[in-house]
Amino acid sequence: MTTATKNKTNKNKNKTNTNTNTNTKKNTAFNRPVNVSETLSRVVGSGPMPRTEVTKRVWDYIKKNNRQDPKNKRNIVPDATLAQVFGSSQPIDMFKMTGIISKHLSENTRSS
Numbered sequence: 001m002t003t004a005t006k007n008k009t010n011k012n013k014n015k016t017n018t019n020t021n022t023n024t025k026k027n028t029a030f031n032r033p034v035n036v037s038e039t040l041s042r043v044v045g046s047g048p049m050p051r052t053e054v055t056k057r058v059w060d061y062i063k064k065n066n067r068q069d070p071k072n073k074r075n076i077v078p079d080a081t082l083a084q085v086f087g088s089s090q091p092i093d094m095f096k097m098t099g100i101i102s103k104h105l106s107e108n109t110r111s112s
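The numbering of the sequence shown is the UniProt record's numbering, which starts it at 1 and goes up by one.
Below, the structure written as structure tokens:
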């Protein structure tokens, strides 16, 4: 290693994190509360909540009600409530599920 490379490496090692408040979460798009449609609220509950919480609660519902296809766990077999959310009673791939759920979410509008 050349001296210039060593100096750059040492310089990067000596940088300190100036952010002293590490316990607070950044308000990223995932953590920002969104409004839940009335249809989806039957599955996840009402009120504004982060997208991550919506996804977690949908999966909790799916597991609690045994809605995964036992032969192909990637498929979700909707019951009457999920069929209203998905718009179909046909099995749906879990990777397409988030796209369908996002149609039931709207940005939380703030009033000044």
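The beta-carbon is built from N, C-alpha and C at its ideal position, and this holds for glycine as well.
Asked                                                                                                                                                                   : Found
Would you list, in sequence order, the uninterrupted beta strand (DSSP E) runs of no fewer than 3 residues that lie entirely inside the UniProt domain "DM2" (29-107)?  : 33-36 and 105-107
Rounded to whole angstroms, what is the Cα-Cα separation between Y61 and T52?                                                                                           : 14 angstroms
Tell me, please, whether the region 89-99 touches the region 40-47 by the rule of three or more beta-carbon pairs shorter than 8 angstroms.                             : no
Output needed for P33: all residues of its chain with C-beta closer than 7 angstroms, excluding positions within five of it in sequence on either side, in chain order. : P48, M49, P50 and N108
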